[in-house]
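Visitor: Below you will find the structure I want to go over with you.
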């Protein structure tokens, strides 16, 4: 097995680490690796639809497309076939690079749109589904608190990469011993970020060994409101005084968030 594929499988096992989320079905030096991922994606009326995705990585993957199978108790066979076809189309644009995680993220973000296409909707579905969406439909904001960073330079670079990969914007904020991460983006991507944050070895312990982040807390999460600023990028900022940090939150339309959650960290 190529080192690239071995690393991808290891990363996937860490990301999909919940009960029954990940299962390797077979491994062979001649036939490649087959594994199953259980996940959820937003479908009609914002309801989560369970998906069973089976991937077959041939021995010459990622130079060739993976085999993909899609099943769901909430979708018709025809819908599963269409989802599979869309995933393979997306996979073609990712050739030569490990792509499974990208494909899972993509279907989580796009399943609703795929199902809403006229040729995908089954005849027995209710007609009460509304196609109206707002510009910020699905855009959420979350505030995280980190207790500490020992390997700060490497840690920061990792967070920047995750934000970029998941198309998240916001701020990584340092003020004294306070470390805050303000993220804005698709809710599924925010969830994926949290999984990475909790399952990856991003820091080092007191003896210098790589370790997972155990001291992180979600302070706040909500759908983006009209008064909230839309961040255009993910930036790392350091503040020398509390009023500078407060101004950052007020400029972003998050004055209430600052007073309710951030000030409590200072006291």
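Numbering (our numbering), first residue to last: 6 to 272. For each residue, glycine too, the CB sits at the ideal point set by N, CA and C. Note that the structure is predicted; figures quoted are calculated from it, not measured.
1) Specify whether the segment 239-254 and the segment 164-172 touch according to this definition: at least 3 beta carbon pairs, one from each stretch, less than 8 Å apart.
2) Can you tell me where the beta strand (DSSP E) holding residue 215 begins and where it ends?
3) Can you tell me which of 118, 190, 211 puts its alpha carbon nearest to the alpha carbon of residue 154?
4) So residue 233 packs on residue 259, CB below 8 Å; how close in whole Å?
5) If we require 4 or more residues per run, which alpha helix (DSSP H) segments fall completely within the segment 49-128?
6) Who does residue 230 pair with in a DSSP beta bridge?
7) Looking only at C-alpha atoms, which of 181, 163, 270, 151 sits nearest to residue 207?
8) Can you say whether residue 82 is buried or exposed, counting buried as having 16 or more other CB atoms within 10 angstroms of its CB?
9) Measuring alpha carbon to alpha carbon, tell me which residue in 39, 66, 104 is nearest residue 74.
10) Taking Cβ to Cβ, would you say residue 187 is nearer than 8 Å to residue 178?
11) Buried or exposed for residue 91, please, with buried defined as at least 16 other CB atoms from any protein chain shown within 10 angstroms of its CB.
12) Would you check if the distance between the CB atom of residue 217 and the CB atom of residue 205 is smaller than 8 Å?
13) In the DSSP assignment, the beta strand (DSSP E) including residue 26 goes from what residue to what residue?
Guide: In this structure, then:
1) Yes, the segment 239-254 is in contact with the segment 164-172.
2) Residues 215-217.
3) The shortest CA-to-CA distance from residue 154 to any of 118, 190, 211 is the one to 211.
4) Their Cβ separation, rounded to whole angstroms, is 7 Å, which keeps residue 233 and residue 259 in contact under 8 Å.
5) Runs of the alpha helix (DSSP H) inside the segment 49-128: 82-97, 105-120.
6) Its beta-bridge partners do not exist; DSSP assigns none.
7) The option with the nearest alpha carbon to residue 207 is 163.
8) With fewer than 16 other Cβ atoms within 10 Å, it is exposed.
9) The candidate whose alpha carbon is nearest that of residue 74 is 39.
10) It is a contact, given that the beta carbons lie within the stated cut-off.
11) Residue 91 should be labelled buried.
12) Yes, Cβ-Cβ distance for residue 217 and residue 205 is below 8 Å.
13) Residue 26: not part of any beta strand (DSSP E); DSSP gives it neither H nor E.
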